[in-house]
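Residue numbers (the numbering used here): 0 to 419.
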């Protein structure tokens, strides 16, 4: 006589215990790897003592010394990132998409859910343009920040134009537009279906070099552990800068630099696309004005400017200099063997920006070496952006909001390891 299966309550308890054990194992793996990555950074961090060999502006030196001292007082508790089976599934799905084939929807064919559409978008709020995208491909799947927009494209015939009403969510990144109903003018130019290979497909196996699915999943899990650990270290970097900024809210940040940063952001995300679509100049000016006057965006821009100036002060005081050899080594580690000399020669502006970016990152390393870092905090829900963030400087303390960076850092998409 076959033994009776355990009752549902016992089975459920066993499943919870197994899941908890898997979370603990994953947490140990990512935490150990994050610790190793952080230690490598600290071992190579610039010396944190100001140099007396190079004359540095007194104001810059005082600012840097204050920041280095402040960093010593900061304890960072970084969320632990986990690697779940669903994360492995998502990476395999991404690999399948890379090796997929597409079939264009012919004129008159309808768009189906999961298709990819080639569109021009103009978003209007109260008759004014607030969003513009040109010649952009999107997947026809729900988008949390634009609920209903892509769902409304299902069933449209290629090509066509359509007006679609969308109510923006309450946490839309631009606070003045959050919760408002907007109208999108959509020019649907083309659509295509995408067929993904199975993991047992000969082409897929030839690329992954893993004929057994279990081997592929194990390899991907190892890669994700390293990636999640990298996220945790990057979280520590950005959290430290935010903590330093919060402690330095009284610092003067020139309004002209904040305006310049906002103008640059608007040009990147809206201005160039609006110009390509022929939006009238007066409408472009109104769009730019609305963007630059948004209090949340101004608070974020102020923080970005402060961070840049703070890191410049640290880099100057510690005499951090980056040469082409170090830049080449860094880029090769990131992108492999590419024609870096040719790329940098053809793009002198990019060359200058990369040198400056690496220099400021080294200054960030010097600050990180002063702080106390622990990878022991429970993560926020998947997809939630890093908090706390900066309140606008012009608000009274009791009016300040715990706003989220529009460029914000996503915490590791996992929950805290638990014992049950």
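The C-beta atom is built at its ideal place from N, Cα and C for all residues, glycine as well.
Rounded to the nearest angstrom, the gap between the Cα atoms of residue 270 and residue 242 is 32 Å. The beta carbons of residue 110 and residue 148 sit no closer together than 8 Å. In the DSSP assignment, residue 164 is bridged to 182. Cβ atoms of residue 157 and residue 190 come within 8 Å of each other, at about 5 Å.
The stretch 301-313 makes contact with the stretch 354-367; the number of CB pairs closer than 8 Å reaches 3 or more. Residue 6 and residue 16 have their C-alpha atoms roughly 16 Å apart.
Annotation: the continuous beta strand (DSSP E) that includes residue 372 extends over 371-376.
For residue 273, same chain residues with a beta-carbon under 7 Å away, outside a window of 5 residues either side, are 128, 131, 283, 286 in chain order.
For the 8 Å CB-CB criterion, residue 195 and residue 99 form a contact. If you draw a straight line from the Cα of residue 254 to the Cα of residue 225, it comes to about 40 Å. Straight-line spacing of the CA atoms in residue 19 and residue 81 works out to 12 Å. Ranked by how close their Cα comes to the Cα of residue 256, the residues 175, 304, 371 have 304 in first place.
Listed in chain order, the alpha helix (DSSP H) runs fully inside the stretch 193-251 are 201-207, 212-245, counting runs of at least 4 residues.
A contact is defined here as three or more CB-CB pairs under 8 Å, and the stretch 322-342 fails this definition with respect to the stretch 257-265. Contact between residue 370 and residue 70 holds: their C-beta atoms lie close to 5 Å from each other, under 8 Å. Per the C-alpha coordinates, the member of 363, 167, 216 positioned closest to residue 239 is 363. Counting the other Cβ atoms within 10 Å of the Cβ of residue 331 gives fewer than 16, which makes it exposed. Apart from the 5 residues on each side of it in sequence, residue 101 sits with its Cβ closer than 6 Å to the Cβ of 191, 193 in its chain, given in chain order. When C-beta atoms of the stretch 114-129 are compared with those of the stretch 173-191, three or more pairs fall below 8 Å, so the two segments count as touching. Annotation: the continuous beta strand (DSSP E) that includes residue 122 extends over 115-124. If you check the CB distance, residue 296 and residue 365 do not come in under 8 Å. If you draw a straight line from the Cα of residue 258 to the Cα of residue 298, it comes to about 11 Å.
Counting along the chain, residue 75 sits inside no alpha helix (DSSP H); it lies in the beta strand (DSSP E) bounded by residues 74-78.
Rounded to the nearest angstrom, the gap between the Cα atoms of residue 167 and residue 62 is 41 Å.
Residue ranges of uninterrupted beta strand (DSSP E) with 3 or more members, entirely inside the stretch 300-379 and ordered along the chain, are 371-376. Excluding the 5 residues flanking it on each side, residue 231 has same chain C-beta neighbours closer than 6 Å at 33, 77, 80, 374, in chain order. The C-alpha of residue 22 lies about 46 Å from the C-alpha of residue 60.
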